[in-house]
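S.K.: The listed protein sequences correspond, in order, to chains H and F. Mapping to this note's numbering: the first sequence position 79 is 79, numbers consecutive. Converting from the second sequence to this note's numbering requires adding 1000 to each position, the first position being numbered 1. Glycine included, each C-beta is placed from N, C-alpha and C at the ideal position.
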Amino acid sequence: MTTSAVKFFEEFATPRDVPALADVRGSYRFDVTGVGTWVLHIECGKVSATAGASEADIVFKGDEADVVGVLEGKKHMLTTFMQGRFGAAGNLLKLPAFFGGLRAAGGLKAAAQAAKEGVS
Amino acid sequence: MSSTISILEGSTFVVSDRVGDIEASPDEPLGLFAFDTRFLSRWVLTLDGKRPTVLSTDDLAYFRAQFFLAPSGGNVYVNSPISIMRKRAVGDGFHEDLTIFNSGPKAVDIEVRIEAAADFADLFEVKDALKKKGDLYHRLEGRRLVLGYKRERFVRETWVTVSAEVSAMDEKSISFRAHIPAHGEWTTCLDVVTAIDGALGRADAPLTKTKYGHGDIDARPNGLPSLQKWTDQAPDLRTSWDPMKLTYTKSLVDLAALRVYPSLYPNESLPAAGLPWFMAVFGRDSVITSLQALPFASELAETTLKLLAMRQGTVLDSFRDEEPGKILHEARWGELTAFEERPHSPYFGSADVTPLWLILLDEYERWTGDEGLVRRLEKHARAALRWIDDFGDRDGDGYVEYATRNEETGLVNQCWKDSWDSICFADGSLASLPRATCEIQGYVYDAKRRCARLAREIWGDQALADRLDSEATSLRRRFNDDFWVPERGGYFALALDGKKRKVDAMTSNMGHLLWSGIADPDKADKCVKHLMSDRMFTGWGIRTLAEGEGSYNPIGYHVGTVWPHDTAFVAWGLRRYGYREHAARLAYAMFEAANCFQHRLPEAFAGYSRESTRFPVEYPTACSPQAWATGAPLVMLRVMLGLVPVLDRLFVDPAVPAQIEQIELLNIRGRWGTVDAFGRGRVSLPMQKSLVGGVDGRPLTPEQVVHR
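(1) Please report the distance separating the alpha-carbon of Asp954/F from that of Glu1547/F.
(2) At the level of alpha carbons, what is the spacing between Leu1358/F and Glu1471/F?
(3) With DSSP collapsed to three states, give me the class of Cys1623/F.
(4) Can you list, in chain order, the residues of the region 1345-1373 of chain F whose Cβ is nearer than 7 angstroms to any Cβ on chain H?
(5) On the criterion of 16 or more Cβ atoms from any shown chain inside 10 Å, does Gln1598/F qualify as buried, or is it exposed?
(6) Using the C-alpha atoms, what's the distance from Leu1136/F back to Met1532/F?
(7) Hey, would you say Val1528/F sits closer than 8 angstroms to Tyr1608/F, going by beta carbons?
(8) Spell out the partners DSSP gives Arg1086/F in its beta bridges.
(9) Hey, which unbroken runs of the beta strand (DSSP E) at 3 residues or more fall wholly within the region 1113-1151 of chain F?
(10) Listing by chain order, which chain F residues have their CB less than 7 angstroms from the CB of Arg103/H?
(11) With distances taken Cα to Cα, identify the nearest neighbour of Arg85/H among Phe1339/F, Glu1185/F and Gln1292/F.
(12) Quick one: is Phe1339/F near chain H, going by C-beta distance under 8 angstroms?
(13) Contact criterion: CB-CB distance below 8 angstroms. Does Leu1200/F meet it with respect to chain H?
(14) Restricting to Cα atoms, I'd like to know which of Arg25/H, Val47/H and Asp31/H is closest to Gln113/H.
(15) Are the beta-carbon atoms belonging to His1512/F and Gly1573/F less than 8 angstroms from one another?
(16) Closer than 8 angstroms between beta carbons: that is the criterion. Which residues of the region 1139-1156 of chain F meet it against chain H?
(17) My output table needs one value for Lys1502/F: the three-state DSSP class, helix, strand or coil.
(18) So the alpha helix (DSSP H) Gly69/H belongs to, where does it begin and stop?
(19) Please name the residue in Glu1549/F, Arg1585/F, Ala1519/F and Pro1521/F whose C-alpha comes closest to that of Gly1539/F.
(20) Quick check on Leu1123/F: buried or exposed, where buried means 16 or more other Cβ atoms within 10 Å of its Cβ?
(21) Compare the C-beta of Ser1006/F with all C-beta atoms of chain H and state if any pair is closer than 8 angstroms.
(22) For the region 1248-1265 of chain F, which residues have a CB atom closer than 7 angstroms to at least one CB atom of chain C, in sequence order?
(23) For Phe1013/F and Gln1292/F, what's the separation of their Cα atoms in angstroms?
(24) Using a Cβ-Cβ cutoff of 8 angstroms, what residues of the region 66-85 of chain H are near chain F? List them in chain order.
(25) Can you tell me whether DSSP reads Glu1439/F as helix, strand or coil?
(26) Relative to chain H, which residues along the region 1294-1314 of chain F have a C-beta separation below 7 angstroms, given in chain order?
(27) Leaving out five residues on either side along the sequence, give the residues of the same chain with a beta carbon under 6 angstroms from the beta carbon of Phe1569/F.
(28) Would you kindly work out how many angstroms separate the C-alpha atoms of Gly45/H and Gly26/H, rounded to a whole number?
(29) Can you give, in chain order, each stretch of the alpha helix (DSSP H) that sits fully within the region 1365-1433 of chain F and has at least 4 residues?
(30) Output needed in chain order: residues of the region 1324-1338 of chain F with a Cβ under 8 angstroms from some Cβ in chain H.
(31) Quick one: list the residues of chain F neighbouring Gly100/H, beta-carbon separation under 9 angstroms, in chain order.
(32) Taking all protein chains shown into account, decide if Gly1274/F is buried (16 or more other Cβ within 10 angstroms of its Cβ) or exposed.
(33) Between the region 1495-1504 of chain F and the region 1428-1440 of chain F, are three or more C-beta pairs nearer than 8 angstroms?
(34) Helix, strand or coil, according to DSSP, for His1179/F in the structure here?
(35) Candidates Arg1535/F, Thr1437/F, Arg1453/F and Phe1537/F: which alpha carbon is nearest Phe1492/F's?
(36) Please determine, among Gly1031/F, Arg1088/F, Glu1664/F and Lys1132/F, the residue with the shortest C-alpha to C-alpha distance to Ala1117/F.
Written out as structure tokens, the structure is:
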């Protein structure tokens, strides 16, 4: 079954430009409960995703709706976390720029789409 | 004497009565608090069903206290052979050693009982008496009582674990049957853990034990130097005037106590705002306190700068009053914030913090020479500068003004005087929104001047430097016209209101204009006359609002009280403009006031005249310790010694009151290595309060004093 998380991360199977994350560098792993694990690799505005568990700077854990909601910019990362819906462990210094960029761009997919269409 | 005892460690604190008990009520905010949540609302000790009475109480260190008690019901003719000692240390909950002594010749059997309850109130609920939306529960696990609260997946638990044999336990209490032999004792440890599964950075390591255990007496700041080392690293103050020495020592210890350890930098610290309501990161408080503490503990400024930069605003978010480049106002972790019933995740409702952060960045480099941090934060500084022009100035009139976009839970006043009635006209009527308060324009002026220097000397951007200098010059020229009130001898208006009318209340804010250097010298001179007049100077400090103004109230939070940090800014500004004697007078008065408050200045005290009260009168709900009040004596020391960092040297130009005889501040660390500053008491302070007139030394221009 193709879930929203699977679809979301598959869109980044090939690297995509996300200019809003130009200042971000790191690997971000998402353990999506009952669905799977992906790692987002971000290098100065280039974002790609690989399936499966591997080492990462920071590891997030949460349900599909919460993980996708945060990545799409529809949920606030910190309050989702504070509600106990979203775990984060690892190098927390990698967090602010990543989620700040996500929020500023209106979500990862929207930002990638905007970049593809040449919208700044 | 205070009726409560407060001990704290990071953002965890316990407020109890003098017996050590906790009985929370809407008007008694007692409890064990962590992460902005009350984890214990009841903690009451009884012996054979009766509550003991207090013999003495000591808060031995900021994180521990001990309570000596005796059974109640005795009288002067009957001495009980029983006495009780409670030793408590706070950190990730608290550890308590309870010992009962029997001094009598016969063994005794006593039923010892601890009543415990937790309401898990968010700090905002404590203040506003709101009803909980989740469910309370409990578990009994051997010698552990677990009190819990759950709302969806938001879970908070209090684990109470005891070491002694338990005779009975239920959801409200733990009981012991203590058999104490003649001349013997009975003891138990009580561990109270504030258990949070998944506190930031601890998703894989839930908090399950208290920081301190049985017999711990030394503070262990997270990865930081011990309290002893902290005080040892600060400059050594030597003076024959004991009140100054005692206040200085108390300030250093309170600064250490008020440190919080941010999740992003767990082995560093920055100042929280104050106990009890504000043990959290507040942008304004952390920046101002770090500024005050720069000559004494510059590491606070480094963490403050970094943390606030990392959490700088990135989007337009009306709920949080967030805008790109804006520096945060307040960050909270409680339930109401988690469920977005309050906007503090974080909240950005401050219009002054962003320029103040820029000022701190420059001042930090002047003291430490840490160009690396200034380079690393260049992008954030540029974003902050853009915020000033693009968002702070909402209507393009060249001034930063504020009005919340969150009308339900946002702050009405987004300046340091943030109470509802603080921004008013001389007749007492409230100013309309948006409000451009004068001190914010001063901060913007100073921030642009300082960032021009950083751009020129460190960022290598001459064009930016020129633009910022030009903007600052223009702002100063316009400000001195637009905010000047020529009536009543001339002074600066408190603000421009939403209709661009001058809000003509006479306030202490004009002292901040001297500190920032935006005031023209001739206008500064007129302001000094007002500030040192009987209407504003109580003899202890500067009133927030001049006596006789429409809203004046000596116990009005921002409309007549004296705030030590505010007076310190006034003194700092006086010094900047060359009013050395006036600055020395304020500094001396503030140390005298501190002497009346057991050497710990409160957040604010009443604005009654010294002549009428002879001692400073407490403000009823003032925070204490409060960070920027703790920093005020440090500024006053700096002011009296005339410490100004210039390139790789520290200039010392003392103006010390004759009453103090001598001040030696040794081992002042900075980009110069370490230097000592000496000042002899040569400034004669007249007995009368007003010093205006007959002052030697002409005012310096702001450029002469600070901007190099």
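M.R.: The structure says:
(1) The structure shown does not extend to residue 954/F, since chain F is modelled only from 1001 through 1708, so no value can be given for it.
(2) Distance between Leu1358/F and Glu1471/F, taken at the CA atoms: about 15 angstroms.
(3) Here Cys1623/F sits in coil by DSSP.
(4) The region 1345-1373 of chain F vs chain H, Cβ under 7 angstroms: Ser1345.
(5) So Gln1598/F counts as exposed.
(6) Rounded to the nearest whole angstrom, the CA to CA distance from Met1532/F to Leu1136/F is 56 angstroms.
(7) With a cutoff of 8 angstroms on beta-carbon distance, Val1528/F and Tyr1608/F are scored as not near each other.
(8) For Arg1086/F, the pairing in a beta bridge is given by DSSP as Phe1067/F and Leu1098/F.
(9) Along the region 1113-1151 of chain F, the beta strand (DSSP E) occurs as fully enclosed runs of 3 or more residues at 1135-1141 and 1144-1151, listed in sequence order.
(10) The CB of Arg103/H comes closer than 7 angstroms to the CB of Thr1314 and Val1315 in chain F, given here in chain order.
(11) The shortest Cα separation from Arg85/H among Phe1339/F, Glu1185/F and Gln1292/F belongs to Phe1339/F.
(12) At a cut-off of 8 angstroms, the C-beta of Phe1339/F has a neighbouring C-beta in chain H.
(13) Reliability of the predicted coordinates at Leu1200/F is poor, the pLDDT of 45 falling under 50, and no value is obtained from them.
(14) The alpha carbon of Gln113/H has as its nearest neighbour, out of Arg25/H, Val47/H and Asp31/H, the alpha carbon of Val47/H.
(15) Closer than 8 angstroms, so yes.
(16) Only those residues of the region 1139-1156 of chain F whose C-beta falls short of 8 angstroms from the nearest C-beta of chain H are listed: Glu1152, Arg1153, Phe1154 and Val1155.
(17) In the structure shown, the three-state DSSP call for Lys1502/F is strand.
(18) Glu64 to Leu71 is the span of the alpha helix (DSSP H), which, as asked, contains Gly69/H.
(19) It is Arg1585/F whose Cα lies nearest to the Cα of Gly1539/F.
(20) Label assigned to Leu1123/F: buried.
(21) Not one beta carbon of chain H lies nearer than 8 angstroms to the beta carbon of Ser1006/F.
(22) The structure shown contains no chain C; the protein chains it does contain are H and F.
(23) Between the alpha carbons of Phe1013/F and Gln1292/F lies a distance of about 24 angstroms.
(24) Only His76, Leu78, Thr79, Phe81, Met82, Gln83, Gly84 and Arg85 from the region 66-85 of chain H bring a Cβ to less than 8 angstroms from some Cβ of chain F.
(25) Helix.
(26) Residues of the region 1294-1314 of chain F whose Cβ lies closer than 7 angstroms to any Cβ of chain H, in chain order: Met1310, Arg1311 and Thr1314.
(27) The residues are Gly1511, His1512 and Trp1515.
(28) Distance from the CA atom of Gly45/H to the CA atom of Gly26/H, rounded to whole angstroms, is 11 angstroms.
(29) You should have 1371-1376 and 1378-1387.
(30) Cβ contacts with chain H: Pro1324, Trp1333, Thr1337 and Ala1338.
(31) Contact of Gly100/H with chain F by beta-carbon distance below 9 angstroms involves Met1310, Arg1311, Gln1312, Gly1313, Thr1314 and Val1315.
(32) With a threshold of 16 other beta carbon atoms within 10 Å, Gly1274/F meets it and is buried.
(33) Yes: the two stretches touch, three or more of their Cβ pairs being nearer than 8 angstroms.
(34) In the three-state reduction of the DSSP assignment, His1179/F falls in the strand class, which pools E and B.
(35) Each of Arg1535/F, Thr1437/F, Arg1453/F and Phe1537/F was checked against the Cα of Phe1492/F, and the nearest Cα belongs to Thr1437/F.
(36) Checked all of Gly1031/F, Arg1088/F, Glu1664/F and Lys1132/F; the closest Cα to Ala1117/F is Gly1031/F.
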